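Take any residue in the sequence shown, note its place counting from 1, add 665, and you have its number in the working numbering. All C-beta atoms, glycine included, are put in the ideal place defined by N, C-alpha and C. Just so we're clear, the structure is a prediction, and the values are computed from it rather than from any experiment.
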Amino acid sequence: MKLTDEAMRNKDSIGDQHEADCGEAGATPPIVVGYALTPKKITSFMQPKLENLARSKGITFVAIDQNRPLSDQGPFDVVMHKLRGTEWYQALEDFRQDHPEVTILDPPESIEHLRNRESMLQDVDDMKLSDSCGVVGVPRQLVVTADDSSVFDVVTKAGLNLPLVAKPLVADGSQKFHELSLAYDQNSLCELEPPLVLQEFVNHGGILFKVYVVGEAIKVVRRYSLPNVTKSELSKISGVFRFPRVSCAAASAEDADLDPEVAELPPQPLLERLAKELRRRLGLQLFNLDIIREYGTRDRFYVIDINYFPGYGKMPDYELIFTDFLLSFRRIKHNKFPHNIN
């Protein structure tokens, strides 16, 4: 099969780079990171500032050619991906069986857990995280399937309180997965199209905390979110309001003049404990959390979404955090497979 120009250049350069970096006695071997990403993700993530810093630290990025067997490419120390499909997942699994010394970021079966919003937040709910820094939970939610004849009846039976946030149930790789609607009254529920997840809306001062997780490192940024809904507004407003995308980078609230009680970041120890436990439970290294603080409280937080391999290119200092993260696999590989280190 015909190679892409980028993959062909990378194939020719891996051996040369390896010889150049390891030619001197005692030289630290490079880390070769194979990446299989969508074109959009390549544009946003593989920025020059990341590639240049990585190169200076002995990290080489290599584009994986999806038209060739993965086993014929490499050698890799790390394979980083955000692709879907049975064929790709099987290729990864076969590669993992043949090359246990290579780190896969992240295992497909773990990623799939986040594709469905019914299972996405279950681990957070099961944790019942509560300490002196605060309490972390999830909003009350309900899954409405295509088999449910009446959204109104299902919501009434579950006893959920209005307004309700409606989100697509399953990720399909499109922007639609990030869209949401806000249903203000019972009559408007019939306008919603299953399958979907309904979450009770929690007033949070219009600010959301996006918590990026990269291995053991976390980074928090503020984003604008949906405004509070008062009881007066709830009694006067009806219908379903649709929002194409909330909390995107364009909605950054980092430099805004905010109410200090709303803008205060969640306690770092609480976030570290939450991220560490979720890494263990989810089996993932690369994800982010959308967290809100219940308005009028200082210590009650809700996780409302989890995303795999989010837009790290929008995260401040992402190139520093990511290169340090990738360098950690040199130590891990040395400890697990010392005879494979040149």
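*Leaving out the 5 sequence neighbours to the left and right, which residues in its chain are closer than 6 Å to V808 when beta-carbon positions are compared?*
The sequence position of residue 808 within the sequence shown is 143, counting from 1. If we look at V808 and ignore the five residues flanking it on each side, its Cβ neighbours are E783, V862.
_R958 to L715 span [Cα, whole Å]_ = Here residue 958 is taken as the residue at index 293 of the sequence shown, counted from 1. Here residue 715 is taken as the residue at index 50 of the sequence shown, counted from 1. Cα-Cα distance, rounded: 33 Å.
*Would DSSP call Q933 helix, strand or coil?*
Position 268 of the sequence shown, counted from the start, is the residue given in the question as residue 933. Note: Q933 maps to helix in three-state DSSP.
*When you compare only the Cα positions, how much space is there between D970 and R780?*
In the sequence shown, counting from the first residue as 1, residue 970 sits at position 305. In the sequence shown, counting from the first residue as 1, residue 780 sits at position 115. The alpha-carbon atoms of D970 and R780 are separated by roughly 11 Å.
*Expressed to the nearest angstrom, what Euclidean distance is found between the alpha-carbon atoms of L899 and Y849?*
Counting from 1 along the sequence shown, the entry for residue 899 is found at position 234. Counting from 1 along the sequence shown, the entry for residue 849 is found at position 184. The straight-line gap from Cα to Cα measures roughly 6 Å.
*Return helix, strand or coil for G948, following the three-state DSSP convention.*
Reading the sequence shown from its first residue, position 283 is the one you call residue 948. G948 carries a coil assignment under DSSP once its states are collapsed to helix, strand and coil.
*Which residues share a DSSP beta bridge with V1065?*
Lying before the first or after the last residue shown, residue 1065 is absent from the chain, which here runs from 666 to 1007.
*Hey, how far is the Cα of G699 from the Cα of T725?*
For the purposes of this step, residue 699 is taken as residue 34 along the sequence shown, with counting starting at 1. For the purposes of this step, residue 725 is taken as residue 60 along the sequence shown, with counting starting at 1. G699 and T725: Cα-Cα distance of roughly 8 Å.
*Do the segment 922-933 and the segment 871-879 meet, that is, are 3 or more Cβ pairs less than 8 Å apart?*
yes
*In the DSSP assignment, find the beta strand (DSSP E) that holds Y754 and state where it starts and stops.*
For the purposes of this step, residue 754 is identified with residue 89 of the sequence shown, where counting begins at 1. Per DSSP, Y754 belongs to no beta strand (DSSP E); it is in the alpha helix (DSSP H), 751-763.
*Take the Cβ of P981 as the centre, count every other Cβ of all protein chains shown within 10 Å, and call the residue buried at 16 or more, exposed below.*
In the sequence shown, counting from the first residue as 1, residue 981 sits at position 316. The residue is exposed, with fewer than 16 neighbouring Cβ atoms inside 10 Å.
_Of the residues A823, C855, F741, M711, the one placed nearest V697, counting alpha carbons only_ = Within the sequence shown, residue 697 is the residue found at index 32, counting from 1. Looking from the CA of V697, the closest CA among A823, C855, F741, M711 belongs to F741.
*What is the DSSP secondary structure of Q712, counted as helix, strand or coil?*
Start at 1 with the first residue of the sequence shown, and residue 712 comes out as number 47. Per DSSP, reduced to three states, the secondary structure at Q712 is coil, with no helix or strand assignment.
*Just the C-alpha distance for A719 and V743, rounded to the nearest angstrom, thanks.*
Your numbering for residue 719 matches position 54 in the sequence shown. Your numbering for residue 743 matches position 78 in the sequence shown. Taking the straight line joining both Cα atoms gives about 14 Å.
*Cβ-based neighbour list, C855, same chain, cut-off 7 Å, excluding 5 preceding and 5 following*: For the purposes of this step, residue 855 is taken as residue 190 along the sequence shown, with counting starting at 1. So the qualifying residues of the chain are V816, F817.
_Proximity below 7 Å, CB of V801 to CB of L939_ = On the sequence shown, residue 801 is found 136 positions in, with the first residue counted as 1. On the sequence shown, residue 939 is found 274 positions in, with the first residue counted as 1. Yes.
*So, is N953 buried or exposed, given that buried needs 16 or more other C-beta atoms within 10 angstroms?*
Within the sequence shown, residue 953 is the residue found at index 288, counting from 1. With 16 or more Cβ atoms within 10 Å of its Cβ, N953 is classed as buried.
_Tell me the residue span of the beta strand (DSSP E) that contains L863._
Locating residue 863 in the sequence shown gives position 198, counting from the first residue. That run of the beta strand (DSSP E) goes 861-865.
*Kindly indicate which three-state DSSP category R634 falls into: helix, strand or coil?*
Residue 634 lies beyond the stretch modelled for the chain, which goes from 666 to 1007, so this question has no answer here.
*By DSSP, does S917 sit in helix, in strand, or in coil?*
Residue 917 sits at position 252 when you count from the first residue of the sequence shown. In this structure, S917 counts as strand in the three-state DSSP scheme.
*Identify which residue in P925, K884, E919, Q950 has its Cα closest to the Cα of P934.*
In the sequence shown, residue 934 corresponds to position 269, counting from 1. Comparing Cα positions, the closest option is K884.
*Could you check what DSSP says for A848 in three-state terms: helix, strand or coil?*
As a first step, residue 848 must be located in the sequence shown, where it is residue number 183. DSSP places A848 in strand when its eight states are reduced to three.
_Buried or exposed for L991, going by 16 or more other Cβ atoms inside 10 Å?_
Within the sequence shown, residue 991 is the residue found at index 326, counting from 1. By the neighbour-count rule (16 or more Cβ atoms within 10 Å), L991 is buried.
*Let me know the secondary structure DSSP gives A831 once reduced to three states.*
On the sequence shown, position 166 is the one that residue 831 refers to. Three-state result, A831: strand.
*Give the secondary structure of T693 by DSSP, where H, G and I count as helix, E and B as strand, and everything else as coil.*
Indexing the sequence shown from 1 puts residue 693 at position 28. Reduced to three states, the DSSP call for T693 is coil.
*Rounded straight-line distance, which links the Cα of D790 to that of V803*: As a working mapping, residue 803 is identified with position 138 in the sequence shown. As a working mapping, residue 790 is identified with position 125 in the sequence shown. Between V803 and D790, the C-alpha separation is close to 6 Å.
*Measuring alpha carbon to alpha carbon, tell me which of L943, L748, S890 ends up nearest G870.*
By 1-based counting over the sequence shown, the position of residue 870 is 205. If we check each option's Cα against that of G870, S890 comes out closest.
*Could you tell me which residues DSSP puts in a beta bridge with G802?*
Looking up residue 802 in the sequence shown gives position 137. Per DSSP, Y967.
_Can you look up K875 in the DSSP assignment and give me helix, strand or coil?_
Taking the sequence shown and counting its residues from 1, one reaches residue 875 at position 210. In this structure, K875 counts as strand in the three-state DSSP scheme.
*Apply the 10 Å Cβ neighbour rule to A831 and answer buried if 16 or more other Cβ atoms are within range, or exposed otherwise.*
As a first step, residue 831 must be located in the sequence shown, where it is residue number 166. Classification for A831: buried.
*Count the other CB atoms, across all protein chains shown, that sit within 10 Å of the CB of P713; report buried if there are 16 or more and exposed otherwise.*
For the purposes of this step, residue 713 is taken as residue 48 along the sequence shown, with counting starting at 1. It counts as exposed.
*asked:* One question on the structure: do A921 and R888 come within less than 7 Å of each other, judged by their Cβ atoms?
replied: The residue given as residue 921 occupies position 256 in the sequence shown. The residue given as residue 888 occupies position 223 in the sequence shown. The answer is no: Cβ separation not under 7 Å.
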